[in-house]
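Notes for the one structure printed next.
2 protein chains.
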Amino acid sequence: MELDDRKIIILKTIIKNYLETGEPVGSRTISKYSGLNLSSATIRNEMSDLEEMGYIIQPHTSAGRIPSDKGYRFYVDSIMEDSDRKVTEATELMVQRVDKLEMLLKQLVKLLAVDTNYAALISGPSLTENRIKYLQLSSPSRYKLLLILVLEGNIIKNEVISIEEDLDHETVMNLTILINNVISGLSLKEITPKMLTSLMVQSGEHSATAKSIIDAVADMIETDVESREIFTSGATNIFKYPELTDADKASKLISAFEEQDALKELVEEVSNISEDEGGSGLQVYLGGEGPVRNMQDCSLVTANYELGDGMRGVIGVIGPKRMDYEKVLDTMKNLISQLDKAYKRNDGDTR
Amino acid sequence: MELDDRKIIILKTIIKNYLETGEPVGSRTISKYSGLNLSSATIRNEMSDLEEMGYIIQPHTSAGRIPSDKGYRFYVDSIMEDSDRKVTEATELMVQRVDKLEMLLKQLVKLLAVDTNYAALISGPSLTENRIKYLQLSSPSRYKLLLILVLEGNIIKNEVISIEEDLDHETVMNLTILINNVISGLSLKEITPKMLTSLMVQSGEHSATAKSIIDAVADMIETDVESREIFTSGATNIFKYPELTDADKASKLISAFEEQDALKELVEEVSNISEDEGGSGLQVYLGGEGPVRNMQDCSLVTANYELGDGMRGVIGVIGPKRMDYEKVLDTMKNLISQLDKAYKRNDGDTR
DNA sequence: GTTAGCACTCTGATCTCTTGATTGCTAACA
DNA sequence: TGTTAGCAATCAAGAGATCAGAGTGCTAAC
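Protein chains in written order, with this note's numbering: chain A, 1 to 351; chain B, 1 to 351.
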């Protein structure tokens, strides 16, 4: 059997209707709203075909039809028009004026959640390919050392570590220079253990301290790779969709958002997948597909953003399976391009 | 009518039973489990009295009784024994080894949520009375300045600002010294505008830059006061309590946790109140009392912690009205004392 | 290929009935 | 005077029973 134009129109009508209402769609409704001018009986015949072909499902004998996963997939991949909606001005305004990266991401994720009415997440950029500008040391109190790592894009990481000896100001300065000679200009993942051991030798009597510092820097890098921060917003939006509202599902989903662990895995997985594919990397995971396996009734839409210099991150929206995919995809495309612009405007300066 | 011993025992039995089960308690149950050896008929008479006095309520004619707010209050204030439970070893272990304040707080709040099975929150310490050790400046790229503010207790704040002129290394150093002369050793709230303007005069040709720096520092302080970070955990625990599980209530509560704004107000309010009272500042807010006014079915238990040097913060637990107050109060006392110990162990060094 | 008509199915809302828990009252008892 | 047994009354919650509405599939006619 073939999927002719008429069947496609009917399928589309069913899906659109179902996305809006969440109720199974009957033949009569389609007969009225598809624009085909066919009686409900004819539609019924076609629907019977569509069901046989696996695009739609009947929850029970006397109900209308709802899209199957195959149906959704077809819709997302083939039928959906990419409308070019206007950029909401709010987005543009917002992205312009925020300069602190963390703030920017927090606001963006909130915007995304509010715009779409689903749950949104955004991962901090991966910094492993990002170069070190310099490391700054100082001693806030005896036997303590404050490390400040400045990366390209003016991203700052700091940590206080304990050391064995009590260093005077001058020694701290010297160590700073020594270490910077080795590591500045490198990307985080270019720092090798060998490099670091050679450094230890150079630092002579302070080699123990140098080792501590090196370990801490390695740790900062490690931490970044393993657990980059994830910002979320709008988890409670799921209460707007009755099919996700029962205690069990809601609790699962919101726990996932609260605990972050699951989200980290998700981000990990998504960024791996989409690196292979290149491109904008917009991805739609339906129902239990891919990273959302244990959330049967949810779908996930993801995209990658890049802030130049290899600072890549992931944006995602989680909502009910019957989410407004068009709108979500649009909003995300929009956001990414804004992010791109905003970054290019702010950066491009190196010392 | 007087609240004699027998009535108190009965009231206590009712409340304990209700806290466990969440079901109204009938006369027959009490007759069996109160240890009073009275028939249900006698208990009924007493219950009738207790109801008249306002300590208990009958949800409907043929149901048992549940505690009224007055009953809860009485229980919390008067009846409850403070049991001295043992410190769970987990707590002790955990508190020992974490050195980064943020990590510590995150772990503590999680522990609190897991231990109690309610939603927990903990505010970062207020830093306004905390002294500045020093300010460190450096220039990560042209027309940018990185400010690092080191406070007592080795708390680090950083910010990158844009400036008008392109400063060389030496100038940055000089400015650093100049500013540190003025502000180091002061607490955040001791920095006055006057002080800062005098500084601007001293900095001569770089006064514009000095002003930017000053503004940024003021901003960092401001930000801290207005919006100190709040860590939360266990918001989804509320799904364990059927009376909070309906979409409406759950959504409200979890939104509050997600958006933080409401929590900030709450922390604000609580820390004001309890400063007046002094002491451990353990507080129980029932039902709609105090800061939880729009959560009719929830109770809030709060406490203050202090890490020396005026670094004060708030811990809180939100759960159903019928929460296990004893356990929660115990856990919180415990946590506060652990926090105190841990801090004393780690600190005490100034340079 | 399309349509009208009709019997059939299933859900969900509504109603009734029953059960069980609990009370309040009264009268008897210590 | 306080305590208790007994009993009628009340109510919520659950189990069936019933009914309307929505929708389908099939058949026969156009």
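For every residue, glycine included, the Cβ atom is placed at its ideal position computed from N, Cα and C.
Only a predicted model underlies this, so the values are computations on that prediction, with no experimental measurement involved.
Using beta carbons (cut-off 8 Å, strictly below), is Gln136 (chain B) in contact with chain A? True, the Cβ-Cβ gap to chain A drops below 8 Å.
Residue from B:Asp340, B:Pro24, B:Gly71, B:Val76 with nearest C-alpha to Lys327 (chain B): That would be B:Val76, whose Cα lies nearest to the Cα of Lys327 (chain B).
Would you mind stating whether Ile132 (chain A) and Leu149 (chain A) have Cβ atoms separated by less than 8 Å? Cβ distance < 8 Å, so Ile132 (chain A) and Leu149 (chain A) count as in contact.
Threshold first: 4 residues or longer. Then list the alpha helix (DSSP H) segments lying entirely within the stretch 245-311 of chain B, N to C. Segments of the alpha helix (DSSP H) lying fully in the stretch 245-311 of chain B: 247-259, 261-277.
In angstroms with no decimal places, state the Cα-to-Cα distance between Met80 (chain B) and Lys16 (chain A). If you take the alpha carbons of Met80 (chain B) and Lys16 (chain A), they lie about 59 Å apart.
Within 8 Å (strictly less), CB to CB, does Ala250 (chain A) reach chain B? It does; some Cβ of chain B falls within 8 Å.
Any beta-carbon of chain A closer than 8 Å to the one on Val150 (chain B)? Yes, because at least one Cβ of chain A sits closer than 8 Å to the Cβ of Val150 (chain B).
Does the distance from the C-beta atom of Ile213 (chain B) to that of Leu147 (chain B) stay below 8 Å? Cβ atoms of Ile213 (chain B) and Leu147 (chain B): closer than 8 Å.
The alpha helix (DSSP H) that contains Thr21 (chain B), what's its start and end? Under the DSSP assignment, Thr21 (chain B) falls in the alpha helix (DSSP H) whose first and last residues are 5-21.
Could you say which of A:Leu127, A:Asp166, A:Ser251 lies nearest to Glu229 (chain A) if we only look at CA atoms? Of the candidates A:Leu127, A:Asp166, A:Ser251, A:Leu127 places its Cα closest to the Cα of Glu229 (chain A).
Roughly how many angstroms lie between the CA atoms of Ser271 (chain B) and Asp261 (chain B), to the nearest whole one? Put simply, the backbone Cα of Ser271 (chain B) is about 16 Å away from that of Asp261 (chain B).
Use the C-beta contact count for Leu186 (chain B): other C-beta atoms within 10 angstroms, 16 or more gives buried, fewer gives exposed. So Leu186 (chain B) counts as exposed.
Any Cβ of chain B within less than 8 Å of the Cβ of Ala247 (chain A)? For Ala247 (chain A), the answer is yes, since a Cβ of chain B falls inside 8 Å of its Cβ.
DSSP on Lys144 (chain B), reduced to helix/strand/coil? Looking at Lys144 (chain B) - three-state DSSP - the assignment turns out to be strand.
Which residues in chain B have a C-beta closer than 7 Å to the C-beta of Ala216 (chain A)? List them in chain order. The contacting residues do not exist; Ala216 (chain A) stays about 11 Å from chain B at best.
To be precise: take each residue of the stretch 23-44 of chain A, compare its Cβ to all Cβ atoms of chain B, and keep it if any distance is under 8 Å. Which residues remain? For the stretch 23-44 of chain A, which is checked against every Cβ of chain B, not one residue is closer than 8 Å.
Proximity test, Cβ basis, 8 Å: Val160 (chain B) and chain A: So, interface residue.
Where does the unbroken beta strand (DSSP E) through Ile156 (chain B) begin, and where does it stop? It spans 155-162 - the beta strand (DSSP E) in which Ile156 (chain B) sits, taken as one unbroken run.
Mind reading off the beta-carbon distance from Ser141 (chain A) to Asn154 (chain B)? Whole number of angstroms is fine, and I expect it under 8 Å. That pair is a contact at about 7 Å.
Do you know how far the Cα of Val301 (chain A) is from the Cα of Lys189 (chain B)? Here the alpha carbons of Val301 (chain A) and Lys189 (chain B) stand approximately 46 Å from one another.
Could you check whether the stretch 109-124 of chain B touches the stretch 52-61 of chain B, counting it as contact only if at least three pairs of C-beta atoms, one from each stretch, sit closer than 8 Å? By the Cβ rule, the stretch 109-124 of chain B does not count as touching the stretch 52-61 of chain B, because fewer than three pairs are nearer than 8 Å.
Sort B:Ser203, B:Ser233, B:Met47 by Cα distance to Lys110 (chain B) and report the nearest one. Ranking the options by Cα distance to Lys110 (chain B), first place goes to B:Ser233.
Same chain, Cβ closer than 6 Å to Glu23 (chain B), five either side skipped, listed in chain order: Short of 6 Å from the beta carbon of Glu23 (chain B), and not among the five residues preceding or following it, lies no beta carbon of its own chain.
Using only the alpha-carbon positions, how far apart do Leu108 (chain A) and Ile14 (chain A) sit? The straight-line gap from Cα to Cα measures roughly 33 Å.
Lys100 (chain A): CB within 7 Å of a non-hydrogen atom of the ligand ZN: Of the ligands one can find in the structure shown there are none, so the ligand ZN has no counterpart to examine.
In terms of residues, what are the limits of the beta strand (DSSP E) holding Thr61 (chain B)? Here Thr61 (chain B) belongs to no beta strand (DSSP E), and DSSP marks it neither H nor E.
Based on Cα-Cα distance, which residue from A:Glu102, A:Leu196, A:Met220 lies nearest to Lys211 (chain A)? Distances from the CA of Lys211 (chain A) to each of A:Glu102, A:Leu196, A:Met220 were compared; the closest alpha carbon is that of A:Leu196.
Endpoints, the alpha helix (DSSP H) within which Phe239 (chain A) is located: Premise fails: Phe239 (chain A) is in no alpha helix (DSSP H) and is neither H nor E.
Boundaries of the beta strand (DSSP E) in which Leu133 (chain A) is found, first to last residue: The sequence as given places Lys at residue 133 (chain A); Leu does not occur at that position. Unbroken beta strand (DSSP E) run through Lys133 (chain A): 132-138.
The stretch 325-341 of chain A touching the stretch 4-12 of chain B, judged by at least three CB pairs closer than 8 Å: Short answer: they don't touch.
Near Arg322 (chain A), what residues of its chain come up, given a Cβ to Cβ distance below 7 Å and the 5 sequence neighbours on each side ignored? Closer than 7 Å at Cβ, skipping near neighbours: Tyr18, Leu19, Gly22.
Neighbourhood of Ile238 (chain B) by C-beta distance below 7 Å, restricted to the same chain and skipping five residues each side: Same-chain partners within the cutoff: Ala119, Leu244, Ala250, Leu253.
Along chain A, which residues have their Cβ under 8 Å away from the Cβ of Thr236 (chain B)? Taking the beta carbon of Thr236 (chain B) as reference, the chain A residues within 8 Å of it are Ser251, Ile254, Ser255, Glu258, listed in sequence order.
Do Asn130 (chain B) and Glu159 (chain B) count as a contact pair if the criterion is CB distance below 8 Å? Taking 8 Å as the Cβ cut-off, Glu159 (chain B) and Asn130 (chain B) do not qualify as a contacting pair.
What residue range does the beta strand (DSSP E) around Thr232 (chain B) cover? Element bounds for Thr232 (chain B): 230-233.
Does DSSP put Leu149 (chain B) in a helix, a strand or coil? Looking at Leu149 (chain B) - three-state DSSP - the assignment turns out to be strand.
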